[in-house]
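If you read the protein sequences in the order shown, they are chains A and B. Going by the UniProt record's numbering, the first residue of the first sequence is number 1, and it counts up by one from there. Going by the UniProt record's numbering, the first residue of the second sequence is number 1, and it counts up by one from there. Contents: one structure, followed by commentary.
2 protein chains.
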Amino acid sequence: MGEQNNSQLLSRVATNDGHGENCSYFDGWKAYDRDPFHSTRNPNGVIQMGLAENQLCLDLIQEWIKNNPQASICTDDGVAYFKEIANFQDYHGLPSFRKAIAKFMEKARGSRAKFDPNRVVMSGGATGAQETIAFCLANPGEAFLIPTPYYPGFDRDFRWRTGVQLLPIHCDSSNKFKVTLDALEAAYQNAQKNNITVKGVLATNPSNPLGTTMDRDTLTTLVSFVNRKNIHLVCDEIFSGTVFDKPGFVSVAEIVEDDPCCNRDLVHIVYSLSKDLGVPGFRVGIIYSFNDAVVACARRMSSFGLISTQTQHLLASMLGDDEFTTKFLAESRRRLSERRRIFTAGLKRVGIRCLESNAGLFCWMDLRPLLKAKTVEAELELWRVIINDVKLNISPGTSFHCSEPGWFRVCFANMDDKTTEMALTRIRTFVFRANAAAQEKKKRWNMALRLSLPRRFEDMSIMSPHLMSPQSPLVHAAT
Amino acid sequence: MGEQNNSQLLSRVATNDGHGENCSYFDGWKAYDRDPFHSTRNPNGVIQMGLAENQLCLDLIQEWIKNNPQASICTDDGVAYFKEIANFQDYHGLPSFRKAIAKFMEKARGSRAKFDPNRVVMSGGATGAQETIAFCLANPGEAFLIPTPYYPGFDRDFRWRTGVQLLPIHCDSSNKFKVTLDALEAAYQNAQKNNITVKGVLATNPSNPLGTTMDRDTLTTLVSFVNRKNIHLVCDEIFSGTVFDKPGFVSVAEIVEDDPCCNRDLVHIVYSLSKDLGVPGFRVGIIYSFNDAVVACARRMSSFGLISTQTQHLLASMLGDDEFTTKFLAESRRRLSERRRIFTAGLKRVGIRCLESNAGLFCWMDLRPLLKAKTVEAELELWRVIINDVKLNISPGTSFHCSEPGWFRVCFANMDDKTTEMALTRIRTFVFRANAAAQEKKKRWNMALRLSLPRRFEDMSIMSPHLMSPQSPLVHAAT
């Protein structure tokens, strides 16, 4: 079928690019898919560092499952429940599941906030949760403000089929990418100037890609901002259980509980077990709203993405096991912290720094010193070298809508220790060679050109001790 | 929060009634939920006959699971796969799952059509599949034609969040509710007259609520109609494995394969395991499209409703077991046929007939003789008596958009033999009393009024030997 015929036959949603897959974030995945690293079968393949997956504690879950055969409907001990569970399709979900997940959400937040099982609404992963909440809160053409940098998947999840817009709240490294009231107001005014109705703010805490938590002041600023404008605040807290260092995590639920003036109808939380528990395949997304009408509406919408009852049943037992969840969360944080320490220390040895962070499954790596220019093009040129020659799938900041070129998200929890070491070796070798080439180049230029260096290169040599040679074979291959 | 504030704060989708839950179909469920029958704990409660669930062969699945512990990631034999499976979140799905489900789809269709695993797209149940295909094929305001009577859930699944319209193709009992070319053309012309763009036809085969299969001629008419108009044909075949009697099932896939002139890009199938296998809790929905662009787009959309990999993994083994699926489908058909025979025979003893059918988990019961008038109001009045006094949740034809009052869908496969007997006893007692009261009434009226009967009652007494008395306490209680 020709393109033209399809564009008439199919819908606009089907024929537009709103799914957002045509961006470098997903291109990196494709590069990995074409040539995936394997320690023995393909040791020179691309190492996947573009996937925020948490594989560090799956052994603990595996052990729990072995010790709790009654929790599954597929064992001799549990199969008597098969009929009842396989048949259950109520969009309220299994009461035991809702109760257990509310309890787990409390625990992941240090028990400083209460979660009511009756406000827990299921969805197909955080992906489905984001779409559901967008459908509930905004009409096509209306907008949510979102701090940059932000997770590229939001462009699909929140916008694609809903027709809702996402407008950036620009944040930058000058204050460690914190959301300020000025930036909020500027984004809001900008929308008004363009006659776009703003229906809310979508915030991710802990941040993906930054790996940082929002402090209480910033959260309070956000909550009072949305109250003043009478718009919504959607907080994506899917990394809340990954906070491994101080300052601790503050959930918007705490702010709501502490602030008697806050209009609770405006506040909604998105949660998931894909990151905290490391089970993205199970498709457990949660919408937790303080607004009764949103709970009722989202629950009806959950018909489109209910969680398999086989999975609900298993998780109800697992997350209902207090001793297990306490141990799991503590051990998971310990292992994430340790992995991050090893990874950032390895980068530091060749002078690469990351944004200081205390959560998440990734670092926000500062490769600004390696850029040929402070431009998106230069960032993407460097990224192509890293993908194609260094064979690491990391994600460029531009795919996260970052307004400062040179930052990259690097995931570190979806691999074993050996692969981590391998990835570090590749990065270090790359940077070492780039530095050496730059030194060599500099020396030659210094000799040949003396003081006649053009202004641009002079600037770059000051801010970029690791400047890469334009003649480097790595760069060449990528351009 | 007040209604008014909500209508400004939330979206139109959230505040309209497009979810379709405010109809008698769902009201019946609520009545059941308030007072559910239980053989010992609540023997006078409402018996659920409004739920097209297939519980008749779950014992076979249970047995298979016990014999195949390696199929689950939650057993000693299978837990070694836990990490790999729980982590897998590719929207293509497990290759083994897609292969097994394509094979099962073929088998449920008597192996007369081929299904390519690469065209199998996952979704959250048939609910999610319907929404996905609507999003792919039509813009808000555009329409699909749909033969009546049809499943009430389509109003939510196909329309609610997509903004797509469903326009009726009126069918009636004069030809056993078959879809004719005249009816198709009339519906199409009617849409054109109202300036509505028709993007396709949505057909259910076997039909829910009729329990009948479409014959080859009707399917051929549909396929050539959509080809002539260059619009889509979506065939919902979620009951294909329930066909228990002649004539056998013909899938649209057979027609497409046999017709070299058919534009395959126009044809799409929706499937599910909720009915054929009886596992609605597992949320297995499938879109099978012959159109490459739709496969690609629907696959991206499947991110919103992926099937839990725990469930995919189990089903890949189960449906990959040829011996089991052959036995299961045969035994399931045998048990459904037997249950239908018992049920319709029981109804026949008090003169109630059902539309002749050969598939599905329900009968299309003809209660026209019990109506006080040939109106929707009379149908709903009778329905309220049956819900409130007879304590059976059956679904009135009007909730299926049937244009002839007096038909009811009665599900028979979601209960055990004893409950079936209990339901039959209740219906028979009700009809018997209604008949007796009518006879008594008739006798008194005959004596008092002789030949001065008003025309309306005369008509009804001819066509309705079981006419219910307006003074019946059952009717009184319901009005």
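Even glycine gets a Cβ: it sits at the ideal position worked out from N, Cα and C.
**Study point:** Three-state class that DSSP yields for A/ASP172 in the structure shown
**Key:** coil
Practice item. Can you grab the Cα-Cα spacing for the pair A/ARG34 / B/TYR91, in whole Å? Key: 17 Å
Point to revise | B/PHE135 at chain A interface by Cβ criterion, 9 Å | key: yes
Check your understanding: According to the Cβ coordinates, are A/LYS374 and A/PRO405 closer than 9 Å?
Key -> yes
**Study point:** Neighbourhood of A/TYR151 by C-beta distance below 6 Å, restricted to the same chain and skipping five residues each side
**Key:** ASN208
Exercise for review: Assign B/LYS246 to one of two classes, buried (16 or more other C-beta atoms within 10 Å of its C-beta) or exposed (fewer than that).
Suggested key: exposed
Check your understanding: Should A/THR325 go down as buried or exposed, given a rule of 16 or more other Cβ atoms within 10 Å for buried?
Key -> buried
Check your understanding: Can you find a C-beta in chain B that's less than 9 Å from the C-beta of A/PRO140?
Key -> yes
Practice item. Might you give, ordered along the chain, the residues of its own chain that have their beta carbon closer than 7 Å to the beta carbon of B/PHE432, omitting 5 neighbours on each side? Key: VAL350
Exercise for review: Kindly confirm or deny that the region 97-107 of chain B and the region 270-288 of chain A touch, where touching means at least three C-beta pairs closer than 8 Å.
Suggested key: no
Check your understanding: What did DSSP end up calling A/LEU166 once you bin it into helix, strand or coil?
Key -> strand
Review point. Are the region 375-395 of chain B and the region 218-225 of chain B touching by the rule of at least three beta carbon pairs closer than 8 Å?
Key: no
Check your understanding: alpha helix (DSSP H) containing B/ASP182: first to last residue?
Key -> 181-193
Check your understanding: Residues in the region 90-112 of chain A with C-beta within 7 Å of chain B's C-beta atoms, listed in sequence order?
Key -> none
Review point. What separation, rounded to the nearest whole angstrom, lies between the Cα atoms of B/LYS83 and B/MET422?
Key: 48 Å
Practice item. Give the residues of chain A in contact with B/ALA14, contact being defined as C-beta atoms less than 8 Å apart. Key: PHE135, CYS136, LEU137, ALA293, VAL294, CYS297
Point to revise | Continuous beta strand (DSSP E) assignments of at least 3 residues falling wholly in the region 283-368 of chain B | key: 284-289, 362-366
Review point. Quick one: which chain B residues come within Cβ less than 9 Å of A/PRO69?
Key: CYS74, THR75, ASP76
Review point. So with Cβ pairs under 9 Å, would you call A/GLN62 a contact of chain B?
Key: yes
Check your understanding: So A/CYS136 and A/ALA298 are in contact, right, with Cβ under 8 Å, and what is the actual spacing, rounded?
Key -> 6 Å
**Study point:** Candidates B/CYS402, B/LYS103, B/LYS348, B/ARG333, of which the one nearest B/TYR25 by Cα
**Key:** B/CYS402
Review point. Thinking just about the alpha-carbon of each residue, which of A/GLY18, A/THR221, A/TYR188 is nearest to the one in A/CYS262?
Key: A/THR221
**Study point:** Secondary structure of B/PRO36, DSSP reduced to three states
**Key:** strand
Review point. Quick one: what does DSSP say A/ARG12 is sitting in, helix, strand or coil?
Key: helix
Review point. Taking the runs of the alpha helix (DSSP H) that are 4 residues or longer, which of them lie wholly in the region 82-119 of chain B?
Key: 82-87, 95-108
Review point. How about B/ILE352: is its C-beta nearer than 9 Å to some C-beta of chain A?
Key: no
Check your understanding: Under three-state DSSP, which class holds A/TRP160?
Key -> coil
Check your understanding: How big is the Cα-Cα spacing for A/PHE362 and A/ALA71?
Key -> 32 Å
Exercise for review: Report the rounded CA-to-CA distance for A/GLY211 versus B/ALA52, giving the unit in angstroms.
Suggested key: 47 Å
Exercise for review: Determine the chain A residues that contact B/PRO117 at a beta-carbon separation under 8 Å, and present them in chain order.
Suggested key: Simply none; closest approach about 18 Å.
Check your understanding: For B/ARG341, which residues of its own chain have a beta-carbon under 7 Å away from its beta-carbon, when the five flanking residues on both sides are left out?
Key -> none
Point to revise | Option nearest B/MET301 by Cα separation, candidates B/GLY124, B/GLY45, B/LYS441, B/ALA80 | key: B/GLY124
Exercise for review: Could you confirm whether any beta carbon from chain B is found closer than 9 Å to the beta carbon of A/ILE85?
Suggested key: yes
Practice item. May I have the straight-line CA-CA distance separating B/ARG12 from A/GLU142, to the nearest angstrom? Key: 12 Å
Check your understanding: Thinking C-alpha only, which one of B/LYS107, B/PHE88, B/ASP157, B/GLY360 is nearest B/GLY278?
Key -> B/GLY360
Review point. Among A/ARG334, A/ASN68, A/THR197, A/GLU379, which has the Cα closest to the Cα of A/ASN139?
Key: A/THR197
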